[in-house]
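Notes follow once the structure below has been shown.
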Amino acid sequence: MSYAIEFQKEFNFKITCMHAFKSEKPRRRVLKFKNHFPYEYKLKLIKGNLFSSFENYQRENKIDLIIMGTKGAQGIKKLFKGSNASNLMLQTRIPLLIIPEDTLYEPINKILWASDYKPMINPNGLDLLKKIALNTESSIRIAHVKTSKKKTNSNDKIEKKWEDDYLGRDVKHSFKKIRRSSVSKGIRFYLKHKDDNNLLVLIRRKHGLFDKIFRKKHSEEFAKSPTLPVMIIHE
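Under the numbering used here, the first residue of the sequence shown is numbered 48, with each subsequent residue one higher.
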């Protein structure tokens, strides 16, 4: 919650804190918790299932971003293995910001976007990312991991298309090419050697880079990466 509040201060949006409960004890705990965060936000307490409650709520309210936390050091590893965040991610197409436990907010100035360079069917999904980059004057590093030894001359054309069609000239960005045996190893390598990234962005699409990273063996590798917030954008 503390990360969400600091994030809200920078972007000036309204927060709704939603908590689904099945008994009165957690409800009382949440009401007590509210006193520890004396900031302006709406507290939504719903008795019942989190996912059905959220589905009903999003039908009636415009939501630009969902912020959720993970528990424990292996939070990112668990993120896509039956957690609340993973289930919610399958249920909605709203961008999702995952905050590892105990992550302190720091101003965003470097964003790492892990990309497979595949064309985007719906580039409008990038609107929130571009807004964050422009509001914070951040630079987006578009990292592409090559797992094949074959040489290709098409990258320059792809990068120009991305500048023209996806990001535009106003968003500061650069392209990074990484060669490793797997995508997850490549991203992990880059995160370790460029430890000034404040946010990792992944695009979720069917059979895309996102699914490659979070296959079982790759998620084990990726869990060892430096811990930082992850934004999931649906194509």
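Ideal Cβ positions, reconstructed from N, Cα and C, are used throughout, including at glycine.
All of these numbers come straight from a predicted model, not from anything done at the bench.
Coil, strand or helix - glutamate 267 by DSSP
Unreliable positioning characterises glutamate 267 in this predicted model, as indicated by a pLDDT of 48, which lies under 50. A coordinate reading is not provided.
Roughly how many angstroms separate the alpha carbons of lysine 191 and leucine 246, rounded to a whole number?
Per the sequence shown, the amino acid found at residue 191 is histidine instead of lysine. A straight-line Cα-Cα distance of about 16 angstroms links histidine 191 and leucine 246.
So what does DSSP say about phenylalanine 54, is it helix, strand or coil?
Of the three classes helix, strand and coil, the one that applies to phenylalanine 54 here is helix, per DSSP.
Per DSSP, which one or two residues make a beta bridge with methionine 167?
Bridge partners of methionine 167: none, in fact.
Can you tell me which of Ile145, Asp163, Val218 puts its alpha carbon nearest to the alpha carbon of serine 195?
Cα-wise, what sits closest to serine 195 is Asp163.
So serine 185 packs on isoleucine 179, CB below 8 angstroms; how close in whole Å?
So it is a contact: roughly 7 angstroms between Cβ atoms.
Exposed or buried, which one is glycine 122 when buried takes at least 16 other CB atoms within 10 Å?
Per-residue confidence for glycine 122 stands at a pLDDT of 48, beneath the threshold of 50, marking its modelled position as unreliable; the derived number appears in the next sentence. Classification of glycine 122: buried, given that the 10 Å Cβ count is 16 or more.
Classify glycine 122 as helix, strand or coil using the three-state DSSP reduction.
Only weak support exists for where glycine 122 lies, its pLDDT of 48 falling under 50; the value from the coordinates is given anyway. Helix, per DSSP.
With DSSP run on the structure shown, which of helix, strand or coil describes valine 192?
Here DSSP, grouped into helix, strand and coil, assigns valine 192 to strand.
Note down the Cα distance separating phenylalanine 60 from histidine 220, rounded to an integer number of angstroms.
Their backbone Cα atoms lie some 25 angstroms apart in a straight line.
Does the Cβ of serine 99 have 16 or more other Cβ atoms within 10 Å, making it buried, or fewer, making it exposed?
A residue is called buried when at least 16 other Cβ atoms come within 10 angstroms of its Cβ; serine 99 does not meet this threshold and is exposed.
Given 8 angstroms as the limit, is there contact between the region 137 to 152 and the region 228 to 241, that is, 3 or more CB pairs closer than that?
Counting C-beta pairs with one atom in each stretch, the region 137 to 152 and the region 228 to 241 have fewer than three that are closer than 8 angstroms, which means they do not touch.
Any idea if isoleucine 189 is buried or exposed, counting beta-carbon neighbours within 10 angstroms, 16 or more meaning buried?
If you draw a 10 Å sphere on the C-beta of isoleucine 189, you find 16 or more other C-beta atoms in it, and that means buried.
Provide the residue span of the alpha helix (DSSP H) that contains isoleucine 179, from first to last.
It spans 174 to 183 - the alpha helix (DSSP H) in which isoleucine 179 sits, taken as one unbroken run.
How about isoleucine 250: is its C-beta nearer than 7 angstroms to some C-beta of chain B?
Annotation note: the requested chain B is absent from the structure, which comprises a single protein chain.
Could you please give the first and the last residue of the uninterrupted alpha helix (DSSP H) stretch that includes lysine 231?
Before going on, a small fix: residue 231 reads as serine here, not lysine. For serine 231, the enclosing alpha helix (DSSP H) stretches over residues 230 to 240.
8 angstroms CB neighbourhood of serine 228 in its chain, flanking five on each side removed
Within the same chain, serine 228 has close Cβ partners Thr194.
For leucine 143, which three-state DSSP category applies?
Assignment of leucine 143 by DSSP, reduced to helix, strand and coil, places it in the strand class.
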